[in-house]
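Residues in the sequence shown are numbered from 22 upward in steps of one, following my numbering. I have placed the structure first, in the form of structure tokens, so that the comments after it can refer back to it.
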Amino acid sequence: MRRLMVSIAGVGMLAMLSPATAGDIDVMTQNQYVGTDLIGLVTEPDFNTAVIDALRNRAASLPTERVHALAALIERRGPALVGLQEVYKFSCVDTNPLDLKGCENPTISGAFTDQLLDTLAALGGRYEEAATVVNLNLPDSLGLGLPGIPVAFDGTVIYVGVVDRDVILARTGVQYSVTNFAALSPLACVLPSEDGCNYQAAAEVVLVIAGMPVPIRFERGFVGVDAIVDGVPYRFVNTHLETRLESFGPSGRFFQAAQTAELLGTLQAYGDFVAPLEQVLLVGDFNSDPRDEAVPVPPPLPGYLGLPPYMQMSLSGFTDAWTLRPGSASGRGAPLVGFSCCQYEDLGNHKSELYERIDLIFSLQAPAKVKQARLLGESVSDKTPPAGQGLWPSDHASVAATLEFGR
């Protein structure tokens, strides 16, 4: 892990650089869920079998049907901007496409979908892809010159490709431009990716492919747009931080902490990140709950690696919109406790099992009011058909909020 030199406390000064302007904006964050465990499968002793099991799990999670259910949540709410995470594309190439084996096997064929294209199609032109950061990209990032990861299955060999993206959607009619983080400063975006940036800190494993040990980085990233909503300028940033990685031992949490520090350092690296009269909103799956506590960091590693993402965000002056929702101070906001994760891995649990709040909407300038903050997709009625027997749209609930900024 590269050592990240950044002052966490200094980012809080950004909050003083921009005066608040009047305006309301409705935003949303939605984790679409890949439908299986990818990090876990690469550590399995029989990787080939683990890949097939993962493809079966994804196919059984009905990604196309779920994406339609997730798109319906967006359409009903109608937010100006949406941050999507885990927007996966799975592809498959057959060694011999004429024998209808391998990729066409019905136990896995449903895994090969593009969630972004399906989302846009389901929204019917009411939203557009505004900006994208590409994270995991196999096999392109391996440089093997293969059309995918070779896997033996169904009496043949198939090549499986996997692309993970975080995407910002803009409602049709919203004016925006991509935030060019790479142009801000040499330190602002060391690893550019598509419209956004990958983090320098990333979990890595070594996988044996075609007899060769190949390192695989599980990239995470962030991406932003500068948008005008009802005449008010906003900078809207979307990210997906690494999980707590308990399987990596005590140091597993250091990855998400380092990524948060890098993100905050990027915001700090260029003072004009907060343009005059511009509000800064940061949404995403932070994989960190407000209850997360600091963990010990052995020297000589920097101490901020022990600070969980939520704690870093709070110390840096960002306001968690959920904490300002109507009724939050008096307790009348219950049962809207905001737990957004996680349903069972197979999405088949009957009652909601959400137990932590990790899908978050932050504002650098404290809003004058949060008119409404809601979970979406946490009700049994939001499941895929048939009624009462379908799957949850994602293992996460979506989170939306309407923020009002004063004069």
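For glycine and all other residues, C-beta sits at the position ideal for the given N, C-alpha and C.
> Is residue 451 buried or exposed, if buried means 16 or more other CB atoms sit within 10 Å of its CB?
Replying inline: Because the chain spans 22 through 428 in this model, residue 451 falls outside it and cannot be assessed.
> So does the region 158-165 actually touch the region 56-68, counting three or more Cβ pairs closer than 8 angstroms?
Replying inline: no
>> Please state the DSSP three-state secondary structure of residue 456.
In response: Outside the shown range of the chain (22 to 428) lies residue 456, about which nothing can therefore be said.
> Quick one: is residue 218 near chain B, going by C-beta distance under 9 angstroms?
Replying inline: Here chain B cannot be found, since the structure has a single protein chain.
> Where does residue 267 land, buried or exposed, given buried means 16+ other C-beta within 10 angstroms?
Replying inline: As a working mapping, residue 267 is identified with position 246 in the sequence shown. Residue 267 is exposed by the Cβ-count criterion.
> For residue 257, which of 172, 105, 401 has the nearest alpha-carbon?
Replying inline: Translated into the one-based positions of the sequence shown, residue 257 becomes position 236. Checked all of 172, 105, 401; the closest Cα to residue 257 is 105.
> In three-state terms, what does DSSP make of residue 200?
Replying inline: On the sequence shown, residue 200 is found 179 positions in, with the first residue counted as 1. Three-state DSSP puts residue 200 in coil, outside helix and strand.
> Does the beta-carbon distance from residue 142 to residue 111 come in below 9 angstroms?
Replying inline: Position 121 of the sequence shown holds residue 142. Position 90 of the sequence shown holds residue 111. Taking 9 angstroms as the Cβ cut-off, residue 142 and residue 111 do not qualify as a contacting pair.
> Would the region 173-184 and the region 193-210 be scored as touching if the rule is three or more Cβ pairs under 8 angstroms?
Replying inline: no
> Since residue 56 contacts residue 84 with CB under 8 angstroms, what's their CB separation in whole angstroms?
Replying inline: Looking up residue 56 in the sequence shown gives position 35. Looking up residue 84 in the sequence shown gives position 63. About 6 angstroms separates the two Cβ atoms, so the contact holds.
> Which residues does DSSP pair with residue 229 in a beta bridge?
Replying inline: Along the sequence shown, one-based indexing puts residue 229 at 208. According to DSSP, which records beta bridges pairwise, residue 229 is partnered with 234.
>> I need the DSSP call for residue 265, collapsed to helix, strand or coil.
In response: The residue labelled residue 265 in the question sits at position 244 within the sequence shown. Looking at residue 265 - three-state DSSP - the assignment turns out to be coil, as it is neither helix nor strand.
>> Restricting to Cα atoms, I'd like to know which of 129, 275, 188, 324 is closest to residue 49.
In response: Indexing the sequence shown from 1 puts residue 49 at position 28. Here the closest residue by C-alpha is 188.
> What is the DSSP secondary structure of residue 311, counted as helix, strand or coil?
Replying inline: The residue given as residue 311 occupies position 290 in the sequence shown. The answer is coil: DSSP assigns residue 311 none of H, G, I, E or B.
>> Please state the DSSP three-state secondary structure of residue 387.
In response: The residue given as residue 387 occupies position 366 in the sequence shown. Three-state result, residue 387: coil.
> What's the C-alpha gap between residue 362 and residue 325?
Replying inline: Translated into positions along the sequence shown, residue 362 becomes position 341. Translated into positions along the sequence shown, residue 325 becomes position 304. Taking the straight line from one Cα to the other gives about 25 angstroms.
>> Using a Cβ distance threshold of 8 angstroms, determine whether the region 389-396 contacts the region 303-312, with at least three qualifying pairs required.
In response: no
>> At 3 residues or longer, what runs of the beta strand (DSSP E) sit wholly inside the region 119-196?
In response: 148-159, 170-174, 177-192
> If you draw a straight line from the alpha carbon of residue 387 to that of residue 246, how long is it in whole angstroms?
Replying inline: Residue 387 sits at position 366 when you count from the first residue of the sequence shown. Residue 246 sits at position 225 when you count from the first residue of the sequence shown. Each residue's Cα considered, the two are about 20 angstroms apart.
> Taking the C-alpha atoms as reference points, what is the distance between residue 410 and residue 108?
Replying inline: For the purposes of this step, residue 410 is identified with residue 389 of the sequence shown, where counting begins at 1. For the purposes of this step, residue 108 is identified with residue 87 of the sequence shown, where counting begins at 1. If I take the Cα positions, the gap works out to 25 angstroms.
> Rounded to whole angstroms, how far is the Cβ of residue 95 from the Cβ of residue 148, which I believe are closer than 8 angstroms?
Replying inline: Taking the first residue of the sequence shown as position 1, residue 95 is located at position 74. Taking the first residue of the sequence shown as position 1, residue 148 is located at position 127. Right, their Cβ atoms sit about 7 angstroms apart.
>> Whole angstroms are fine: how far does the CA of residue 218 sit from the CA of residue 210?
In response: Residue numbering aside, residue 210 sits at position 189 when the sequence shown is read from its first letter. Residue numbering aside, residue 218 sits at position 197 when the sequence shown is read from its first letter. Those two C-alpha atoms are separated by around 6 angstroms.
> On the three-state DSSP scale, how would you describe residue 116?
Replying inline: Taking the first residue of the sequence shown as 1, we reach residue 116 at position 95. Here residue 116 sits in coil by DSSP.
>> If I follow the unbroken beta strand (DSSP E) through residue 52, where does it start and stop?
In response: For the purposes of this step, residue 52 is taken as residue 31 along the sequence shown, with counting starting at 1. Looking at the DSSP string, the run of the beta strand (DSSP E) that includes residue 52 is 44-52.
> What does DSSP give as the partner residues of residue 417 in its beta bridges?
Replying inline: Taking the first residue of the sequence shown as 1, we reach residue 417 at position 396. 362.
> Can residue 415 and residue 87 be called in contact, C-beta distance under 9 angstroms?
Replying inline: The count along the sequence shown starts at 1 and reaches residue 415 at position 394. The count along the sequence shown starts at 1 and reaches residue 87 at position 66. Contact flag set, yes.
>> Using 8 angstroms for Cβ pairs, my map puts residue 249 next to residue 174. What's the rounded Cβ distance?
In response: Start at 1 with the first residue of the sequence shown, and residue 249 comes out as number 228. Start at 1 with the first residue of the sequence shown, and residue 174 comes out as number 153. That pair is no contact at about 49 angstroms.
> Looking only at DSSP bridge pairs, what is residue 213 linked to?
Replying inline: Here the question's residue 213 lines up with position 192 in the sequence shown. In the DSSP output, where bridge partners are listed per residue, residue 213 has 218.
>> Is the beta carbon of residue 420 closer than 9 angstroms to that of residue 304?
In response: Against the sequence shown, residue 304 aligns to sequence position 283. Against the sequence shown, residue 420 aligns to sequence position 399. The answer is yes: Cβ separation under 9 angstroms.
> In three-state DSSP terms, what is residue 66?
Replying inline: Reading the sequence shown from its first residue, position 45 is the one you call residue 66. Correct three-state label for residue 66: coil.
> Got a sec? Which residues, its chain only, sit under 6 angstroms from residue 222 by beta carbon, not counting five neighbours each side?
Replying inline: By 1-based counting over the sequence shown, the position of residue 222 is 201. Taken in chain order, the residues that qualify are 22, 276, 279, 280.
>> Alpha carbons only, please: which of 152, 329, 163, 300 is nearest the one belonging to residue 243?
In response: One-based indexing of the sequence shown puts residue 243 at position 222. Taking only the C-alpha atoms, the option nearest residue 243 is 152.
> Whole-angstrom Cβ separation of residue 412 and residue 368, contact assumed at under 8 angstroms?
Replying inline: As a first step, residue 412 is located in the sequence shown; it is residue number 391 there, counting from the start. As a first step, residue 368 is located in the sequence shown; it is residue number 347 there, counting from the start. Correct: roughly 4 angstroms between the Cβ atoms.
> Which residues share a DSSP beta bridge with residue 257?
Replying inline: The sequence position of residue 257 within the sequence shown is 236, counting from 1. According to DSSP, which records beta bridges pairwise, residue 257 is partnered with 246, 302.
> Whose CA, out of 76, 224, 194, 300, lies closest to the CA of residue 12?
Replying inline: The chain is shown from 22 up to 428; residue 12 falls before or after that span and cannot be answered.
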